[in-house]
Every structure is written in C-alpha cells, then in structure tokens.
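As structure tokens, the structure follows; a few thoughts come after it.
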Amino acid sequence: MNSASIKLRHLNALKTVEVDPVTNSFYLNGQRNGLKDYPVASPVCGTVYGTILNYKEDLTAIEEQLHQKPYAAPPNAPILYIKPANTINFHGAPIPMPKGFSTLEVGASLGVVIGKKAIAIKKEDAFSYIAGYTIVNDVSIPHDSIFRPAVPYKARDGFCAIGPWIIDAKNIMDPNSFTIKVYINNELRLEKNTSTLVRPIARLLEEITEFMTLDVGDLLLVGIPTASPKVHVGDQIRIDISEIGSLENYMMDEEEGCFL
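Structural data, given as structure tokens:
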C-alpha cells in the first residue's frame, strides 16, 4: 500500500488515500474502492511540460537524421513542449479521434509532480523538489517533426490523460528504474524503462531549472518514446507502471459528442 493524492470527480480538491497499485484500487473511509465505482479527475493542476528524445535507444535510432538539415547535430539540451489546459484528460475517460484522422499515437510517460518552487536547482537536491509521481498518456497525431513545435498534432482537446493518482514521492525508492508498459486491447505493444533515459530525472530537473522556474503542482513528463503504439477508434488503452498503478482510456470519434 502507498499513500497517494486522488481527485474524485465529484469533489473539488485532492484527497489523501492509501492505494494498491497492483489492483488499481484505493481505500477511503476504511473501505476499498475500485475506480469504476469512484470516477476520478486529473490529479494535476499545474502546467504540463513534455520531453522528447530523452530515451537513449530513440536518440540512437535517429542519430543520422539529426546530423542532417535542418538539425545539423543532436540536441545539447532538453527538448520541451507544453500540453495546454484543453488537453487535460483523466483515467477512464475517452480520448477523441479528431475529424479527418484515423490514427493517433500513445505517448506513455512517467510524470514527475513538483512539490516546491524549483529555480536553478542542483541534481543532488532535485528529489527534494518532487511531490510525487503519476502516469501520463501524451497523445498525438502521428508526425515527423522533431525539434520544431508540433502544436496542431499534440494540443488537441483531451490529448493528455493523467492519473489515476499521484503516488507520494516518499513511497518511491528509485524512479530511475521504472518499467512502463503499454497495452492496446490487452496486448502488450510497448515496454520502456526509465533506466535508459538520456537525462535521468535529477539531471533533467537541473538542466530545465537553469532557464525556467518549475512551480508547485507543475508536471514534467520525463520522456516520450518515438516509436509509440498507434490506436484507432474503439481501442482500449492501458499504461502500467507497477509502482504507481494503471492509467486506462479508450478511443472515441470526437463527432460522437462531448468526451469529458
């Protein structure tokens, strides 16, 4: 059992509960509850920052391309982007397939929640700035852009599912060795481990806060795999991080109506 922060959809504030990551259940008022009985909202209220090309194997796979125009060289700093408020989605909710498209990419990531204002921090102190960890599905329309902002492909409504809760950082021994698994219709389609990050969590926080303040409640996605699974309308998506739990969503045509 781990302590966690959860935001039940009928409440307007986070609650501290005990969760069982294996069964994806939580205890409230002494009772064990499943997420189907108590729908949850996104537990994150701050700005969401994504990081790309932060897996060693992904960087190696496109190394030749990175030496060509317009890039000329591999990145020497974290490549970041923002998932705006309209993208925020939550566990159990549908992800809308935009009109005119038939395929989306599932961007599974460990999410680091900032617990206190971080300005020019040192990697040796980085973990003291972390409140907890969650699971993120950073959805995007398939595209080839690497360095340039891909706003039309990544900033659609509902394109950032977060949850189902935030596991308290004190319960996590080593977030640099998490295995992340993606299942589509119960079939394992991707497996990554945070041990292969180009910039591990502490170094990533150090380099980012050299030029940008991270505030309380902000969420940092530590890495999005470049070869992510593709999904279509009707597909069921599950992202597992055993120390945290499972984030589940399903694909729906946006023309079917309101999805949140």
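Position one of the sequence shown corresponds to residue 408 (my numbering), numbered consecutively onward. Built from N, CA and C at the ideal position, the CB exists for glycine as well. Because the structure is a prediction, the values reported are computed rather than measured.
- Message: Bridge partners for residue 490 per DSSP, in chain order?
- Response: 455
- Query: How should residue 580 be labelled, buried or exposed, when 16 other C-beta atoms within 10 angstroms of its C-beta is the threshold for buried?
  - Reply: exposed
- Sort 590, 518 and 486 by Cα distance to residue 540 and report the nearest one. 518
- Message: What does the Cβ neighbour count give for residue 434, buried or exposed, with the cut at 16 atoms within 10 Å?
- Response: Residue 434 comes out exposed.
- Message: Rounded to the nearest angstrom, what separates residue 624 and residue 582 at their Cα positions?
- Response: 18 Å
- Item | Member of 661, 408 and 562 whose CA lies at the smallest distance from the CA of residue 490 | Considering only alpha carbons, the answer is 562.
- Compute the Euclidean distance between the alpha carbons of residue 605 and residue 446, then round it to the nearest angstrom. 36 Å
- Message: Determine whether the beta carbon atoms of residue 494 and residue 639 lie at a separation below 8 Å.
- Response: no
- May I ask which residues mark the beginning and end of the beta strand (DSSP E) holding residue 429? Run containing residue 429: none; DSSP gives neither H nor E here.
- Task: Report the option in 629, 641 and 466 whose CA atom is closest to the CA atom of residue 455.
- Result: 629
- Message: In chain order, what are the residue ranges of uninterrupted beta strand (DSSP E) at least 3 long that sit wholly in the stretch 566 to 639?
- Response: 567 to 575, 586 to 591, 594 to 600 and 626 to 628
- Put residue 422 into one of helix, strand or coil per three-state DSSP. strand
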